[in-house]
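Going from the sequence shown to my numbering is simple: count from 1 and add 2.
Positions of the beta carbon are idealized from the N, C-alpha and C atoms, including for glycine.
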Amino acid sequence: MREKVTAAAVRARKGGPRLTMVTAYDVVMAAIADRAGADMILVGDSVADNVLGFPDTLAATLEIMIHHTAAVARAQPRALIVGDMPWLSYHVSLEESVRNAGRLIREGRAEAVKLEGGRKRLPVIEALLAAEIPVMGHLGLTPQSVHVMGGYRVQGRRLEAARALVEEARALAAAGVFALVLEGVPAVVARAITELVPVPTIGIGAGPHCDGQVLVFHDVLGWHLNRRKARFVRQYAQLGEAAVVALQSFFADVRSGAFPDESESYRMEEDEERAFVDLLNELEGG
Ligand code: KIV
Numbered sequence: 003m004r005e006k007v008t009a010a011a012v013r014a015r016k017g018g019p020r021l022t023m024v025t026a027y028d029v030v031m032a033a034i035a036d037r038a039g040a041d042m043i044l045v046g047d048s049v050a051d052n053v054l055g056f057p058d059t060l061a062a063t064l065e066i067m068i069h070h071t072a073a074v075a076r077a078q079p080r081a082l083i084v085g086d087m088p089w090l091s092y093h094v095s096l097e098e099s100v101r102n103a104g105r106l107i108r109e110g111r112a113e114a115v116k117l118e119g120g121r122k123r124l125p126v127i128e129a130l131l132a133a134e135i136p137v138m139g140h141l142g143l144t145p146q147s148v149h150v151m152g153g154y155r156v157q158g159r160r161l162e163a164a165r166a167l168v169e170e171a172r173a174l175a176a177a178g179v180f181a182l183v184l185e186g187v188p189a190v191v192a193r194a195i196t197e198l199v200p201v202p203t204i205g206i207g208a209g210p211h212c213d214g215q216v217l218v219f220h221d222v223l224g225w226h227l228n229r230r231k232a233r234f235v236r237q238y239a240q241l242g243e244a245a246v247v248a249l250q251s252f253f254a255d256v257r258s259g260a261f262p263d264e265s266e267s268y269r270m271e272e273d274e275e276r277a278f279v280d281l282l283n284e285l286e287g288g
């Protein structure tokens, strides 16, 4: 039996072995991710676009995040459950931020929370840590800032922006985050941050030098149809296409009468069935 992964255990993995994280949004995804050996399961606010069909993550509310985090927690994974703080759940006041993170922990059974942003998030991070809530940081292409960034653009491509990212990463690490997601940044910048900060970096679209990698469940497994694949995604299966083929076979068997067969049907007790057939014959006779 492998030991439960904790935020402290993740923090201690700086320098290796490399950490694995994948998103999951329900009990089956969580069980699959856990069986496959994930170190961390992220209940991402990407539930909004990947599961609920919204155009971006801004639609995720605290209630949605609690609902899906609780579903993931019911799988009782060995992996650390990280609950994403949705947009506006940590932007209004420190008091509200702590209460909201607390709900993700208490009602959603998350074991850590993740929030996006750099230095301006330091007071929130400190308040959450003071409330005994482990915090994962998230820098670079932060999807909750889509309107400020002017789209989903790689961040830190120019010298000043790269320097700023390094400083932000150092500040978050000094504040006490146990790990740091780096999303959509040049590999050379992610490498520098990984070398400079004492906590594990988890990359997504951030090159190969991070202490770990994260991808969205649907992207790794092709659990969608006709989705344009981002450059940083490696797709290991085409489950969406496979599901269409499986359902087509089911529908064909229904139409032809091949489903269900005897092995998929229930029977009466033998004596009772004989008596029932006699009864039917009697009824038909008369
Ligand atoms: O919500 C999410 O899926 C994320 C990952 C992309 C890091 O934040």
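Bridge partners - residue i, DSSP secondary structure assignment
i    : result
V45  : G85
A114 : V84
Q215 : T22 and G205
L141 : L184
Contact check, residue i vs residue j, beta carbons under 7 Å
i    : j    : result
G205 : A192 : yes
A177 : V12  : no
E113 : I83  : yes
L54  : T25  : no
A62  : D41  : no
Q146 : E170 : no
T196 : H211 : yes
Residue i versus residue j - alpha carbon distance
i    : j    : result
V190 : E162 : 14 Å
Q78  : K116 : 20 Å
T59  : A50  : 5 Å
P188 : G209 : 7 Å
A14  : R20  : 11 Å
R142 : Q157 : It should be noted that the sequence gives Gly, not Arg, for residue 142. Looking at the two C-alpha atoms, the distance is approximately 5 Å.
H226 : A244 : 10 Å
V126 : E5   : 30 Å
I107 : V94  : 19 Å
L167 : V222 : 27 Å
A133 : Y268 : 55 Å
M31  : V150 : 32 Å
R172 : T71  : 29 Å
V183 : H140 : 4 Å
Near the ligand NAD: residue i beta-carbon under 6 Å from a heavy atom
i   : result
E98 : By its list of ligands, the structure shown excludes the ligand NAD, since it contains just the ligand KIV.
Inter-residue CB distance, residue i and residue j (contact presumed, cutoff 8 Å)
i   : j   : result
I68 : G17 : About 34 Å separates the two Cβ atoms, so there is no contact after all.
Neighbouring residues (CB closer than 7 Å to any heavy atom of the ligand KIV):
T25, L44, G46, D47, S48, T59, D86, K116, H140, P145, V183, E185, I206, V216 and V218
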